[in-house]
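Numbering (UniProt numbering), first residue to last: 1 to 400. Heads up, the beta-carbon is just placed ideally off N, CA and C, and yes, glycines get one too.
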């Protein structure tokens with residue numbers, strides 16, 4: 001059974017949602033599922049903008065068939081060649097023998113790597129920055145957005161309606177539960193957390209490239225944004241763009257403290273709890289505490305994008321950083337996290353050395369300001385440790 005939604009008189013959403021998948025990219029938990037968005041323009045010529053993951057290919061084909069209503073498909077626009085959006089290209093290629101594939105030079109290099117047996121002779125249209133494609137009343141203009149977050153990514157702007165087809169930019173985790181537009185949701189409650197987690201983990205490394213894309217788009221009159229995952233934006237574009245501006249510049253979204261701890265026997269956990277309660281006593285109410293051994297790293301990365309102040313509390317393990325904490329710091333390095341204020345707590349029964357190792361990891365990130373003092377615990381929290389944490393908490397308050 002088809003399941004489509006009209007965006008305008010001549011534009012419809014023909015995607016679908018997958019609630020069975022537990023890990024996006026076999027890595028990130030998606031307890032609320034994920035959507036794969038595809039769009040169909042009906043004009044003198046017809047065009048589909050991106051396809052979907054193989055998991056919903058049957059739904060996609062039913063939606064497309066309903067939308068075309070017997071018409072041929074003239075163009076397939078390939079904004080992004082990642083497999084969750086290009087899995088059904090070959091199906092369309094053979095079903096519509098006169099369909100032309102539209103992409104940039106890098107698009108077709110990657111396409112040939114995924115679909116090696118497709119004969120693309122006289123079936124492609126290679127576009128460059130600023131090129132246009134007229135479908136009738138609608139004209140698509142193409143803008144390159146390399147490394148947002150793959151090298152071939154481009155954005156398609158429909159000039160007549162002011163619709164931006166934004167590839168993986170402006171997307172989010174989460175299936176579409178009936179509502180597909182931003183004004184059908186409470187954004188703070190139903191979008192923000194998964195939108196931030198999606199950005200931080202999927203696009204977060206490429207802040208400079210996102211900033212360049214935002215600058216490039218600033219001269220366009222954009223009325224609707226159609227991403228490849230998550231909701232379609234038509235009413236709260238300023239809200240969305242403000243979030244992306246902050247995230248892509250690694251500017252903390254909130255004045256808040258996130259405390260991340262690893263603990264084998266509960267002693268480092270006690271230190272983290274003391275820090276949280278002491279900050280609360282000082283009037284810092286926006287505090288969150290996470291056990292790095294139990295919390296998936298994608299949620300912690302999301303919190304790092306949200307919070308201005310971070311505390312890392314780790315036991316020494318094999319003369320280094322506790323493995324789960326080390327994994328978090330490594331992910332922060334890989335994503336280019338920067339511009340945060342840091343507090344450190346180390347623990348060790350005979351040789352607490354992980355503090356220096358954490359300092360070294362954080363030193364590789366830009367504009368990370370470490371507050372003094374660093375707390376060094378010997379096995380369990382002592383009165384001296386509590387006094388030192390009191391000073392750290394006071395310094396953290398003042399820095400906020």
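Classification of residue i by the beta-carbon crowding that lies within 10 angstroms, buried from 16 upward
i	result
residue 264	exposed
residue 84	buried
residue 352	buried
residue 219	exposed
residue 221	exposed
residue 128	exposed
residue 138	buried
residue 152	buried
residue 102	buried
residue 306	buried
residue 344	buried
residue 189	exposed
residue 233	buried
residue 87	buried
residue 422	For residue 422 there is no data in the structure shown, the boundaries of the chain being 1 and 400.
residue 375	buried
residue 243	buried
residue 401	Given a span of 1 to 400 for the chain in the structure shown, any question on residue 401 remains unanswerable.
Residue i, enclosing alpha helix (DSSP H) - first and last residue
i	result
residue 156	Not the alpha helix (DSSP H): residue 156 falls in the beta strand (DSSP E), residues 154-158.
residue 143	Unbroken run through residue 143 is the beta strand (DSSP E), 139-144; no alpha helix (DSSP H).
residue 216	207-217
residue 269	267-281
residue 255	Not the alpha helix (DSSP H): residue 255 falls in the beta strand (DSSP E), residues 254-261.
residue 90	89-95
residue 301	297-306
residue 111	105-114
residue 47	Run containing residue 47: none in the alpha helix (DSSP H); it sits in the beta strand (DSSP E), 46-49.
residue 173	Taken as a continuous stretch (DSSP letters only), residue 173 belongs to no alpha helix (DSSP H), as it is neither H nor E.
residue 324	323-334
residue 247	237-248
Straight-line Cα distance separating residue j from residue i
i	j	result
residue 160	residue 235	18 Å
residue 150	residue 79	10 Å
residue 114	residue 267	50 Å
residue 429	residue 50	No answer is possible for residue 429: it lies beyond the span of the chain, which begins at 1 and ends at 400.
residue 170	residue 195	8 Å
residue 371	residue 385	16 Å
residue 199	residue 346	30 Å
residue 255	residue 284	9 Å
residue 280	residue 312	18 Å
residue 144	residue 390	51 Å
residue 100	residue 213	27 Å
residue 293	residue 323	9 Å
residue 42	residue 136	9 Å
residue 98	residue 117	17 Å
residue 224	residue 96	29 Å
residue 226	residue 58	22 Å
residue 72	residue 295	49 Å
residue 334	residue 349	31 Å
residue 163	residue 180	15 Å
residue 61	residue 38	11 Å
residue 191	residue 14	21 Å
residue 239	residue 329	30 Å
Candidates the options: closest to residue i by CA position
i	options	result
residue 340	32, 257, 261, 317	257
residue 6	347, 68, 279, 51	68
residue 326	295, 348, 361	361
residue 302	332, 71, 394, 167	332
residue 394	28, 278, 29	278
residue 250	154, 328, 190, 336	336
residue 202	14, 320, 26	26
residue 106	358, 147, 375, 223	147
residue 304	119, 318, 287	287
residue 30	240, 388, 229, 321	229
Contact set for residue i: own chain, Cβ-Cβ below 6 Å, skip 5 residues either direction
i	result
residue 248	207, 210, 211
residue 74	45, 46
residue 310	258, 340, 342
residue 290	260, 300
residue 12	4, 6, 40, 67
residue 182	231, 233, 235, 236
Boundaries of the beta strand (DSSP E) in which residue i is found, first to last residue
i	result
residue 340	340-347
residue 165	163-165
Cutoff 7 Å; reference residue i; Cβ partners in own chain excluding five residues on either side
i	result
residue 156	49, 77, 79, 140, 142, 165
residue 356	none
residue 19	33, 175
residue 197	173, 298, 299, 302
Spatial neighbours of residue i in its chain, beta-carbon cut-off 8 Å, leaving aside the 5 residues before and after
i	result
residue 397	279, 282, 283, 284
residue 81	103, 107, 110, 111, 114, 150, 152
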